[in-house]
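A quick write-up on the structure given underneath.
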Amino acid sequence: LNLGFFGTLRLGRDDSALVSQQAGIGLSRSFGKHFSSGINYRYIQNEPTPDRQSNEHRVFADFTPRTPLKFGINLSDRNRIEWRNINEKISWRYRNRLQFERPINIFERRITPYISGETMYDTRFDAWNRAQIYVGARVPLSKHLTFDGFYMKQWDARTRPGFLNVIGAFWRLEF
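Count the sequence shown with my numbering and you get residues -19 to 155, in order.
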C-alpha cells in the first residue's frame, strides 16, 4: 500500500503567469507484478486567461494491468475513471493510457524511459475530446522521491489552437 502526495505548478502565457496549480493525495496498491489500482483526490485551480478561471475537485480511480514484453519492455494499460466537480458542475471522464517502458541502469541508478499515449472521453461534451503523447523518463532519487521529466504533445478538440506542447517534470513523494 502506497500513500502519495501530488502537486503541480504550470506556467503559461509565454511563461509570464502561473496558469495551473494542483494538489492531491492518493492511495495505491499493487496486486502482484501484473496489476495495481488506486484511489485519489485532487484540487485543481486553472487560469488559462486572466478573465477565465476554474476550480475543480476531482476524485478518480485507476486500474492498471501490466504485461512484460520482449527485450525487457513492459506494457501498462491504465484505465482511469474520474468524477469531476468543475465550478459546481458535475461530470465524468474516462481516460485510457497505454505505456511502453524499459528500465535501464546508468551510473548505478535505475532509470525508466517511457513512451505513452492517452485518450479521454468527457461526459461534458459526450465525445473523445483529448489525446496526449508523452516521451520521458523516471529517475528514483531516494527510497521515497522520484523525478519524472517529460515532453508531451496534446490534441484537444475543444480549444484553439488544438495542439499544445509541454515540457514538464513531476516530483513523486511516496511512503
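Idealized CB from N, CA, C, for every residue including glycine. Computed from a predicted structure; not experimentally measured.
Original post:
How long is the line joining the alpha carbons of Gly129 and Leu(-17), rounded to whole angstroms?
Top reply: Walking along the sequence shown from the start, residue 129 turns up at place 149. Walking along the sequence shown from the start, residue -17 turns up at place 3. Approximately 21 Å between the Cα atoms of the pair.
**OP:** Could you check the C-alpha separation between Glu36 and Phe80 for me, to the nearest Å?
**Re:** Sequence index remark: in the sequence shown, residue 36 carries index 56 (1-based). Sequence index remark: in the sequence shown, residue 80 carries index 100 (1-based). If I take the Cα positions, the gap works out to 30 Å.
Original post:
Taking the Cβ atom as the reference point for each residue, do Asn20 and Gly4 lie within a distance shorter than 8 Å?
Top reply: Sequence index remark: in the sequence shown, residue 20 carries index 40 (1-based). Sequence index remark: in the sequence shown, residue 4 carries index 24 (1-based). Against a cut-off of 8 Å, the Cβ pair of Gly4 and Asn20 comes out as a contact.
Original post:
Between Ala117 and Ile91, is the Cβ-Cβ spacing less than 8 Å?
Top reply: The residue given as residue 117 occupies position 137 in the sequence shown. The residue given as residue 91 occupies position 111 in the sequence shown. Yes, Cβ-Cβ distance for Ala117 and Ile91 is below 8 Å.
Original post:
Would you call the CB atoms of Ile61 and Phe40 closer than 8 Å?
Top reply: Within the sequence shown, the letter at position 81 stands for residue 61. Within the sequence shown, the letter at position 60 stands for residue 40. For Ile61 and Phe40, yes; Cβs fall inside 8 Å.
**OP:** Just tell me which of Leu55, Gln33, Gln2 and Lys123 has its CA closest to the CA of Tyr94.
**Re:** Indexing the sequence shown from 1 puts residue 94 at position 114. Answer by Cα proximity: Leu55.
Original post:
Is it buried or exposed for Gly18, if we count other Cβ within 10 angstroms and need 16 for buried?
Top reply: Here residue 18 refers to the residue found at position 38 when the sequence shown is read from its first residue. With 16 or more other Cβ atoms within 10 Å, it is buried.
**OP:** Within the stretch 21 to 79, note down every full alpha helix (DSSP H) run reaching 4 residues or more, in order along the chain.
**Re:** none
Subject >> Given Ser122 as reference, the closest of Arg89, Asp106, Asp102 and Phe105 once Cα atoms are compared >> reply: For the purposes of this step, residue 122 is taken as residue 142 along the sequence shown, with counting starting at 1. The shortest C-alpha separation from Ser122 is found at Arg89.
**OP:** With Gly142 as the anchor, note down where its beta strand (DSSP E) starts and where it stops.
**Re:** Start at 1 with the first residue of the sequence shown, and residue 142 comes out as number 162. Looking at the DSSP string, Gly142 is not in any beta strand (DSSP E), and its letter there is neither H nor E.
**OP:** Would you check if the distance between the CB atom of Arg104 and the CB atom of Arg77 is smaller than 8 Å?
**Re:** Stepping through the sequence shown from its first residue, residue 104 is reached at position 124. Stepping through the sequence shown from its first residue, residue 77 is reached at position 97. Contact flag unset, no.
Original post:
What number of angstroms, rounded off, separates the C-alpha of Ile24 from the C-alpha of Leu144?
Top reply: The residue you call residue 24 lines up with position 44 of the sequence shown. The residue you call residue 144 lines up with position 164 of the sequence shown. Cα-Cα distance, rounded: 19 Å.
Original post:
If we ignore side chains and look at the alpha-carbon of each, how far apart do Glu68 and Phe(-14) end up?
Top reply: Reading the sequence shown from its first residue, position 88 is the one you call residue 68. Reading the sequence shown from its first residue, position 6 is the one you call residue -14. So the alpha carbons of these two residues sit roughly 23 Å apart.
Subject >> Closest Cα partner of Pro30 within the set Ser0, Arg152, Lys50 and Trp108 >> reply: Your numbering for residue 30 matches position 50 in the sequence shown. The shortest C-alpha separation from Pro30 is found at Ser0.
Subject >> Per DSSP, the bridge partner or partners of Phe127 >> reply: Along the sequence shown, one-based indexing puts residue 127 at 147. Partner(s): Val119 and Trp151.
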